[in-house]
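Asker:
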Ligand SMILES: NC(=O)c1ccc[n+]([C@@H]2O[C@H](COP(=O)([O-])OP(=O)(O)OC[C@H]3O[C@@H](n4cnc5c(N)ncnc54)[C@H](O)[C@@H]3O)[C@@H](O)[C@H]2O)c1
């Protein structure tokens, strides 16, 4: 199949590109290597046709005209909650106007499906008694980022009704693994792995017992691959079904690295939730997908990646 991956130079997108190429698909990438994102030229697979381009740019139509993608995996985004609060205009421009520009090209050049990277941020601060989150849980986003991701889901439904463009919405848990930007705000595993390897202090907010559902990036990439031709016009939660606390991540990572780090305690960050994990039965039943990489394995792969990077 001919697939376009937006954000394909970024953390998750580059793993999606790897999985697509390994499965024999033809892949092109659109990414503007935004300075505050995780996009890096060295993440771009040499077999992918790369276009350094903003998804808001009208030249996107020329990429569609040339590449004629059948399916688009749309991962390009402004994905920082903090940045979305500080600059909601940029957030809406990239996450909404960029999406609309993409959808218009899909219609004009007869792409037939979009696989969309949505987020747990669309649920907002769901209370612990609502856990596990599933596809039917009420979505009540509390940040511009969560709002633009939820609005994107609605745009996809509208585009299906109005123009017949299929979609699959994948709502990811907390994705981690090699190539995650250790300078990003959400990548606690990347941040901890790098700090522990370097012998630097780690910061633990709140009491460290807050739990989230951490899913390994190759499992997420495989969900994108499966969604190329399954799960049309449906939403799926893509995570492990288990919460892990920040303290537990710290313990696992120090055991893997074989060294402790100084812990600096800090208060709760605004918007942090105490318990969040998913029910992924729908993905298992309808996509035949489930997370395969255990937390222990995934953390090991991640530490190996950062160790080899630091030795470069
Ligand atoms: N990392 C997570 O845990 C997580 C969880 C849920 C959803 N997501 C979503 O998954 C997607 C990928 O996230 P990631 O963690 O890999 O982040 P990332 O920053 O590594 O990847 C995003 C990519 O989009 C590119 N980009 C940003 N603005 C662009 C623009 N205007 N035009 C073209 N390209 C642009 C960046 O250069 C980057 O390469 C995002 O849509 C994000 O919202 C991520």
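In our numbering, the protein residues as written are 124 to 435. The beta-carbon is built from N, C-alpha and C at its ideal position, and this holds for glycine as well. Note that the structure is predicted; figures quoted are calculated from it, not measured.
Below 8 Å CB to CB, which residues in the same chain sit around residue 264 once its five sequence neighbours on both sides are set aside?
Answerer: Excluding positions up to five away in sequence, the list reads 244, 245, 246, 247, 270, 272 and 273.
Asker: Mind checking residue 161: buried by the 16 CB within 10 Å criterion, or exposed?
Answerer: It is buried - the Cβ of residue 161 has at least 16 other Cβ atoms within 10 Å.
Asker: Between residue 269 and ligand 1, is the CB less than 8 Å from at least one heavy atom?
Answerer: No, since every heavy atom of ligand 1 falls outside the 8 Å radius drawn around the Cβ of residue 269.
Asker: Note down the Cα distance separating residue 94 from residue 424, rounded to an integer number of angstroms.
Answerer: Residue 94 falls outside the range modelled here, since the chain spans only 124 to 435, and no answer is possible.
Asker: Can you list the beta strand (DSSP E) stretches of 3 or more residues lying completely in the segment 174 to 212, in chain order?
Answerer: Fully enclosed beta strand (DSSP E) runs of 3 or longer: 194 to 197.
Asker: Could you check if residue 391 is buried or exposed, using at least 16 other CB atoms within 10 Å of its CB as the buried criterion?
Answerer: It is exposed - the Cβ of residue 391 has fewer than 16 other Cβ atoms within 10 Å.
Asker: Pick out whichever of 126, 146, 125 and 175 has its Cα sitting closest to the Cα of residue 132.
Answerer: With distances taken between Cα atoms, residue 132 lies closest to 175.
Asker: Under a three-way DSSP split, which group does residue 230 fall into?
Answerer: Of the three classes helix, strand and coil, the one that applies to residue 230 here is helix, per DSSP.
Asker: Identify, in the order they occur along the chain, each residue of the same chain with its Cβ nearer than 6 Å to the Cβ of residue 228, setting aside the five sequence neighbours on each side.
Answerer: The residues are 183, 184 and 187.
Asker: Near residue 396, which residues of its chain fall below 6 Å by C-beta distance, leaving aside the five closest residues on each side in sequence?
Answerer: Taken in chain order, the residues that qualify are 248.
Asker: Do you know how far the Cα of residue 233 is from the Cα of residue 427?
Answerer: Each residue's alpha carbon lies about 42 Å from the other.
Asker: Please determine, among 202, 433, 170 and 242, the residue with the shortest C-alpha to C-alpha distance to residue 318.
Answerer: Of the candidates 202, 433, 170 and 242, the one whose C-alpha sits nearest the C-alpha of residue 318 is 433.
Asker: Measuring alpha carbon to alpha carbon, tell me which of 418, 349, 266 and 359 ends up nearest residue 369.
Answerer: Minimum Cα distance to residue 369 is reached at 418.
Asker: Would you kindly work out how many angstroms separate the C-alpha atoms of residue 134 and residue 301, rounded to a whole number?
Answerer: Rounded to whole angstroms, residue 134 to residue 301 spans 8 Å at the Cα level.
Asker: Cβ of residue 243 within 8 Å of any heavy atom in ligand 1?
Answerer: Under cutoff, so the answer is yes.
Asker: With distances taken Cα to Cα, identify the nearest neighbour of residue 306 among 130, 125, 149 and 158.
Answerer: For the residues 130, 125, 149 and 158, the minimum Cα distance to residue 306 belongs to 158.
Asker: Counting beta carbon pairs with one atom in the segment 326 to 346 and one in the segment 292 to 299, are three or more of them shorter than 8 Å?
Answerer: Yes, the segment 292 to 299 touches the segment 326 to 346.
Asker: According to DSSP, is residue 397 helix, strand or coil?
Answerer: Residue 397: coil per DSSP, three-state reduction.
Asker: How about residue 221 and residue 200: are their beta carbons less than 9 Å apart?
Answerer: Result yes, Cβ atoms of residue 221 and residue 200 sit closer than 9 Å.
Asker: List the whole-angstrom C-beta distance separating residue 152 from residue 172, where the pair is believed to meet the contact cut-off of C-beta under 8 Å.
Answerer: That pair is a contact at about 7 Å.
Asker: So the alpha helix (DSSP H) residue 370 belongs to, where does it begin and stop?
Answerer: Here the alpha helix (DSSP H) through residue 370 covers 369 to 380.
Asker: Taking only heavy atoms of ligand 1 into account, decide whether any of them is closer than 8 Å to the Cβ of residue 134.
Answerer: Yes.
Asker: Could you check whether the segment 393 to 411 touches the segment 355 to 372, counting it as contact only if at least three pairs of C-beta atoms, one from each stretch, sit closer than 8 Å?
Answerer: Touching, yes, given that three or more Cβ pairs across the two stretches are closer than 8 Å.
Asker: Alpha carbon to alpha carbon, how far is residue 97 from residue 320?
Answerer: Here the chain has residues from 124 to 435 only, and residue 97 is not among them.
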